[in-house]
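For the protein sequence lines, the chains are A and B, in the order given. Residue numbers for the first sequence follow my numbering, beginning at 86 and rising by one. Residue numbers for the second sequence follow my numbering, beginning at 5 and rising by one. We put the beta carbon where it would ideally sit given N, CA and C, even for glycine. Please read these numbers as outputs of a predicted model, since none were measured by experiment. The structure appears right after this line, and notes come after that.
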Amino acid sequence: MSSTILAIELAYWQQTGLRALLGLVGVLLPAGILVYLFLFKMMSFMQSRLGPMEAGPYGSLQLLAEVGKFFQKEDLIPAAADRVVFKMAPFVVLISTFLLVLVIPAGPDLWFIDIDTGIFLALAVSSISVIGILMAGWASASKYSLIGGLRAAGQLVAYELPLVLAVMGVVIQAGTLNVQGIVMAQASGEIFGWGGIGNPFILTQFVGFAIFLIAVQAELTQPPFDMPVAESELVTGYLTEYSGLRFLMFFIGEFATAGIFSALAATMFLGGWYVPGLDPTDNLFNVIGPLVLIGKMVLVAFLIFWFRFTYPRFREDQLQQLAWKFLIPLSLVNIVATGILKVVF
Amino acid sequence: MSTSTLFAATGGFDPLTGGEVMVAQNIAFAIMAVTMLVGAVRMVTTRNVVHAALYLVIVLAGAAGVFILLGAEFVGVTQVMVYIGAIIVLFLFGIMLTRGSFGDDDGVDGERRSMAAMVGALVLAVMAAALVDTFRDAELSRAQPSLTADVGDLIFSQYIVPFEAISVLLLAALIGAIVVARGD
């Protein structure tokens, strides 16, 4: 975000306030969109039912009803729990989510922080949520929670590697870690001298895109990677003892992170806020950029949730084998291939 | 307290930059330093191993903050990624997998306290001597944060030998872990 908006000069505290407000929107909006569009509606249609229909037209106000329900519930803390750690855990997860939204630009001048390490920062802060999950699992003083937390840690550490390595190909191709730079590299790129649609990296980094989506699925502990919250074995794993507002915070954290990772994938592989045919520095993008980005985010999230509603759960050993024996070697090959092609062309 | 009084308090002269006092940076550093100190002391005095690991998170996050304050963005972010995202998670994972105990740990009695203090003092002395000897009166560039591309160039040109040596060290650790785990 530049220091002037519509030619109005903003003081530092006004900019900071605006950033905080937009950060809140940037976390809650994707979470709301994904929960209503996919969790309420798409899943219902796939299962031949209507989903929520009563609150508002087509159940569009169901989200508010759900939030109201969670607000009314009692804030239960198990007697044996480690109270301080138990209370802090959801905040740690949310901190990770809020830091994650900072790096995504929504237009040529619409960004929270234009930082040189961009995408690397996003991947680093996304790993903070693992600590929140482990804290929740341990502090609940319940065997279901503890086993859920342990499974989550094993899984998240394993899939952190393919997640990072998949991004490397994009970084090599764009020549920068800066997210805005990656968008610009795609917008001004050419496919064998033809610059009609720029050069969205999904064309050259298709393997990276696939690995990134699989790893994101695992990082979000969504089916088929939902071993940590496997409800038939562990009740809901590390979430078992949480109720009311604290459960809601974990829930928002999960779906907001799903949305933000989708937006990140859209930014790195589908060109972010850019649409072909226009000048990427055009001021128009400061207006339509956020809408384009949300559109692409919904597209990527559709894939994630499609897998979520379709596939049965992995076994724990299959899950680890997929990460260590297949995804990591494949992403290393992808990096080497990208590096060689980058030097050749 | 207004900015001018803070300027007055330090005489308008910062020994580190040799000029303008960076008030915001100094305040941020003070907050981080105090938080880190409290976290570090609590980490070694608490009798609960999981709490100790969590206090270590605070110390490491503070270190990352200090790196960013110095304009070393890449190092700061790497600190978060490697230490908070991986090493602490492994600590917690290991503690929970092997003990799963809850509340204070009777095994934590600090009987090797003096030995640990000695090692700590030794590490502090070696690090301090190395840092002072390396940098002397050198001034940090305050023009802009150091760029990741520059860090990469330096690692793979001027510092290629130390970098490769560390790689071999890590490989040795990996092989050692496999040998210990196989047990034959």
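Exercise for the section: Name, going along the chain, the residues of the stretch 193–208 of chain A whose beta-carbon falls closer than 8 Å to a beta-carbon of chain B. Expected result: Within the stretch 193–208 of chain A, the qualifying residues are 200, 201, 202, 205, 206 and 208.
Handout entry: Three-state secondary structure (DSSP) of residue 187/B
Key = Numbered from 1 along the second sequence, position 183 holds the residue referred to as residue 187/B. Coil.
Problem - Cut-off 8 Å between Cβ atoms - residues of its own chain near residue 108/A, not counting five sequence neighbours on either side - result: On the first sequence, position 23 is the one that residue 108/A refers to. Once the five neighbours on either side are set aside, the close Cβ partners of residue 108/A are 183, 186, 187 and 197.
Handout entry: Proximity of residue 97/B and residue 152/B at Cβ, strictly below 8 Å
Key = As a first step, residue 97/B is located in the second sequence; it is residue number 93 there, counting from the start. As a first step, residue 152/B is located in the second sequence; it is residue number 148 there, counting from the start. Not closer than 8 Å, so no.
Problem - Straight-line Cα distance separating residue 311/A from residue 100/A - result: Taking the first residue of the first sequence as position 1, residue 100/A is located at position 15. Taking the first residue of the first sequence as position 1, residue 311/A is located at position 226. Going from the Cα of residue 100/A to the Cα of residue 311/A covers about 40 Å.
Practice task
Could you please give me the residues that DSSP links to residue 88/B through a beta bridge?
Solution key: Residue mapping note: residue 88/B aligns to position 84 of the second sequence, counting from 1. According to DSSP, which records beta bridges pairwise, residue 88/B is partnered with nothing at all.
Handout entry: Identity of the residues DSSP links to residue 62/B by a beta bridge
Key = Indexing the second sequence from 1 puts residue 62/B at position 58. Looking at the DSSP assignment, residue 62/B forms no beta bridge with any residue, so it has no partner.
Handout entry: Classification of residue 171/A by the beta-carbon crowding that lies within 10 angstroms, buried from 16 upward
Key = By 1-based counting over the first sequence, the position of residue 171/A is 86. Label assigned to residue 171/A: buried.
Exercise for the section: Measure the beta-carbon distance from residue 445/A to residue 214/A and round it to whole angstroms, keeping in mind my assumption that it falls under 8 Å. Expected result: This structure gives no information on residue 445/A, because the portion of chain A shown stretches from 86 to 430.
Problem - Alpha-carbon spacing of residue 422/A relative to residue 295/A, whole angstroms - result: Counting from 1 along the first sequence, the entry for residue 422/A is found at position 337. Counting from 1 along the first sequence, the entry for residue 295/A is found at position 210. Each residue's alpha carbon lies about 16 Å from the other.
Exercise for the section: Check whether the Cβ atoms of residue 361/A and residue 191/A sit closer than 8 Å, and answer yes or no. Expected result: Counting from 1 along the first sequence, the entry for residue 361/A is found at position 276. Counting from 1 along the first sequence, the entry for residue 191/A is found at position 106. It is not a contact, given that the beta carbons lie outside the stated cut-off.
Exercise for the section: Note the first and the last residue of the continuous alpha helix (DSSP H) segment covering residue 303/A. Expected result: Here residue 303/A refers to the residue found at position 218 of the first sequence. Note, residue 303/A: alpha helix (DSSP H), 291–304.
Exercise for the section: In angstroms with no decimal places, state the Cα-to-Cα distance between residue 347/A and residue 234/A. Expected result: Along the first sequence, one-based indexing puts residue 347/A at 262. Along the first sequence, one-based indexing puts residue 234/A at 149. Going by C-alpha positions, residue 347/A is about 24 Å away from residue 234/A.
Handout entry: Residues bridged to residue 420/A [DSSP beta-bridge criterion]
Key = Counting from one through the first sequence, the residue named residue 420/A turns up at place 335. Looking at the DSSP output, residue 420/A bridges to nothing.
Practice task
Take residue 201/A and list the residues in its own chain whose beta-carbon comes closer than 7 Å to its own, dropping the five residues that flank it on each side.
Solution key: Taking the first sequence and counting its residues from 1, one reaches residue 201/A at position 116. Counting only residues of its own chain and dropping the five nearest sequence neighbours on each side, residue 201/A has a CB closer than 7 Å to the CB of 262 and 263.
Problem - Validate contact between the stretch 230–248 of chain A and the stretch 294–309 of chain A using beta carbons, cut 8 Å, 3 pairs - result: With contact defined as three or more Cβ pairs closer than 8 Å, the stretch 230–248 of chain A and the stretch 294–309 of chain A are in contact.
Exercise for the section: Would you list, in chain order, the members of the stretch 56–71 of chain B that have their beta-carbon closer than 8 Å to a beta-carbon of chain A? Expected result: In summary, the residues of the stretch 56–71 of chain B whose CB is separated from some CB of chain A by less than 8 Å are 58 and 61, in the order they occur in the chain.
Exercise for the section: Identify whether residue 198/A lies in helix, strand or coil by the three-state DSSP scheme. Expected result: Translated into the one-based positions of the first sequence, residue 198/A becomes position 113. DSSP places residue 198/A in coil when its eight states are reduced to three.
Practice task
Would you kindly work out how many angstroms separate the C-alpha atoms of residue 57/B and residue 71/B, rounded to a whole number?
Solution key: For the purposes of this step, residue 57/B is taken as the residue at position 53 of the second sequence. For the purposes of this step, residue 71/B is taken as the residue at position 67 of the second sequence. Using only the alpha carbons, I get a separation of about 21 Å.
Handout entry: Neighbouring residues, chain B, relative to residue 212/A (Cβ below 9 Å)
Key = If you number the first sequence from 1, residue 212/A lands on position 127. Neighbours of residue 212/A in chain B, taken as residues whose beta carbon is under 9 Å from its own, are 84, 85, 88, 89, 90 and 93 in chain order.
Handout entry: Of the residues 149/B, 120/B and 60/B, the one placed nearest residue 199/A, counting alpha carbons only
Key = Translated into the one-based positions of the first sequence, residue 199/A becomes position 114. Checked all of 149/B, 120/B and 60/B; the closest Cα to residue 199/A is 149/B.
Handout entry: Spatial distance of residue 131/B from residue 125/B (CA atoms)
Key = Taking the first residue of the second sequence as position 1, residue 131/B is located at position 127. Taking the first residue of the second sequence as position 1, residue 125/B is located at position 121. So the two alpha carbons sit approximately 10 Å from each other.
Handout entry: Closer than 8 Å at the beta carbon, the chain B residues around residue 401/A
Key = On the first sequence, position 316 is the one that residue 401/A refers to. Here the premise fails: no neighbours, minimum Cβ distance about 14 Å.
Practice task
Would you tell me roughly how many angstroms separate the C-alpha atoms of residue 121/A and residue 139/A, rounded to the nearest one?
Solution key: Residue 121/A sits at position 36 when you count from the first residue of the first sequence. Residue 139/A sits at position 54 when you count from the first residue of the first sequence. C-alpha separation (whole angstroms): 13 Å.
Handout entry: Any C-beta of chain B under 8 Å from that of residue 242/A
Key = The residue labelled residue 242/A in the question sits at position 157 within the first sequence. Yes, its Cβ sits closer than 8 Å to a Cβ of chain B.
Exercise for the section: Taking only beta carbons into account, state which residues of the stretch 146–158 of chain B come closer than 7 Å to chain A, listed in chain order. Expected result: Result list: 149, 151 and 152.
Handout entry: Inter-residue spacing [alpha-carbon to alpha-carbon] between residue 232/B and residue 36/B
Key = Shown here, chain B extends from 5 to 188; a query on residue 232/B therefore has no answer.
Problem - chain B contacts made by the stretch 165–197 of chain A, where a contact means CB separation under 8 Å - result: 165, 167 and 170: these are the residues of the stretch 165–197 of chain A whose beta carbon lies less than 8 Å from some beta carbon of chain B, given in chain order.
Practice task
Can you tell me which of the three DSSP states residue 189/A falls into?
Solution key: For this step, residue 189/A is matched to residue 104 along the first sequence. The answer is coil: DSSP assigns residue 189/A none of H, G, I, E or B.
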